[in-house]
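**Student:**
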Amino acid sequence: MMSDSITERVEPTVAELENEGDIAADYLEELLDIADIDGDLNLDVRQGRAYVSVEADSGSLSLLSAPDTVQALQELTRLAVQNKTGAFSRLILDIGGSRDARRRQLETLVDAAAEKLDEGASQASLPAMSSYERKLVHDVAAERGLVSESYGEGADRHTVLRRR
0 MMSDSITERV EPTVAELENE GDIAADYLEE LLDIADIDGD LNLDVRQGRA
50 YVSVEADSGS LSLLSAPDTV QALQELTRLA VQNKTGAFSR LILDIGGSRD
100 ARRRQLETLV DAAAEKLDEG ASQASLPAMS SYERKLVHDV AAERGLVSES
150 YGEGADRHTV LRRR
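Residue numbers (numbering that gives the first Met the number 0): 0 to 163.
This is the structure we're talking about:
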């Protein structure tokens, strides 16, 4: 008789998340040095995740702050952390305020979907996005009094919004 084993995900401690941030910062510092880009690194722990932001007074981060580039660098940084710790990392990388800019874009997307719902649509589907972006959409939707659910698998996972 076979039994199903359920793997519980154990939330990392603040100390473990701070260690993730330190490892990520070391990796990113090396990367910035190689690319000859100036930037200040700030580490934080937010909502159970290591959060690393790269900031600069000059426009030196403009090439790195494009959403696809930030996503790719975040994945590389997560892999560097995982290589050192042996554990999956859910760290968030922000470059030059890219996360705030993306949140504003997602808010606009949710507001456009809300207009469609106001015009009589029963639901509004948003494009596929990362789990972090979907979480932001769920938060924004809740703030706007909407119900949100994610559907699909892998890279096709997307959010559908409805009125309560």
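Note that CB positions come from ideal geometry on N, CA and C, so glycine has one too.
Owing to the predicted nature of the structure, the values given are computational and were not obtained by experimental measurement.
Go ahead and label Q73 buried or exposed: buried means 16 or more other beta carbons lie within 10 angstroms of its beta carbon, across all protein chains shown.
**Tutor:** It counts as buried.
**Student:** Would you mind stating whether G20 and Y50 have Cβ atoms separated by less than 9 angstroms?
**Tutor:** Yes, Cβ-Cβ distance for G20 and Y50 is below 9 angstroms.
**Student:** With three or more beta-carbon pairs closer than 8 angstroms as the criterion, would you say the stretch 110-117 touches the stretch 56-65?
**Tutor:** At 8 angstroms Cβ cutoff, the stretches do not touch.
**Student:** Considering only C-alpha positions, which residue in the set G151, A120 and D93 is nearest to R163?
**Tutor:** The residue with the shortest Cα to Cα distance from R163 is A120.
**Student:** Any idea what DSSP makes of A49, helix, strand or coil?
**Tutor:** Three-state result, A49: strand.
**Student:** Can you give me the C-alpha to C-alpha distance between R48 and L90, rounded to a whole angstrom?
**Tutor:** For R48 and L90, the distance between alpha carbons rounds to 5 angstroms.
**Student:** In chain order, which beta strand (DSSP E) runs of at least 3 residues are fully inside the stretch 22-92?
**Tutor:** Entirely contained in the stretch 22-92, the beta strand (DSSP E) runs reaching 3 residues are, in chain order, 39-45 and 48-54.
**Student:** Does V109 come out as helix, strand or coil in the three-state DSSP assignment?
**Tutor:** Helix, per DSSP.
**Student:** Does the distance from the C-beta atom of R42 to that of E17 stay below 9 angstroms?
**Tutor:** This sequence places Leu at residue 42; Arg is not what is there. Yes, the Cβ-Cβ distance between L42 and E17 is below 9 angstroms.
**Student:** In chain order, what residues of the same chain lie with their CB nearer than 6 angstroms to the CB of T158, ignoring the 5 residues before and after it?
**Tutor:** If we look at T158 and ignore the five residues flanking it on each side, its Cβ neighbours are L125, R133, V136, S147 and S149.
**Student:** Can you grab the Cα-Cα spacing for the pair S52 / R143, in whole Å?
**Tutor:** One C-alpha to the other measures close to 28 angstroms.
**Student:** Compute every distance between the C-beta of F87 and the non-hydrogen atoms of the ligand ZN, then say whether any falls below 8 angstroms.
**Tutor:** Among the ligands in the structure shown, none appear at all, so the ligand ZN cannot be discussed.
**Student:** Checking the sheet assignment: what are the DSSP bridge partners for V146?
**Tutor:** DSSP lists R161 as partners of V146.
**Student:** Report yes if the CB atom of G151 is closer than 9 angstroms to the CB atom of A123, and no otherwise.
**Tutor:** In this structure, A123 does not lie closer than 9 angstroms to G151 by Cβ.
**Student:** If you draw a straight line from the alpha carbon of R103 to that of D56, how long is it in whole angstroms?
**Tutor:** So the alpha carbons of these two residues sit roughly 21 angstroms apart.
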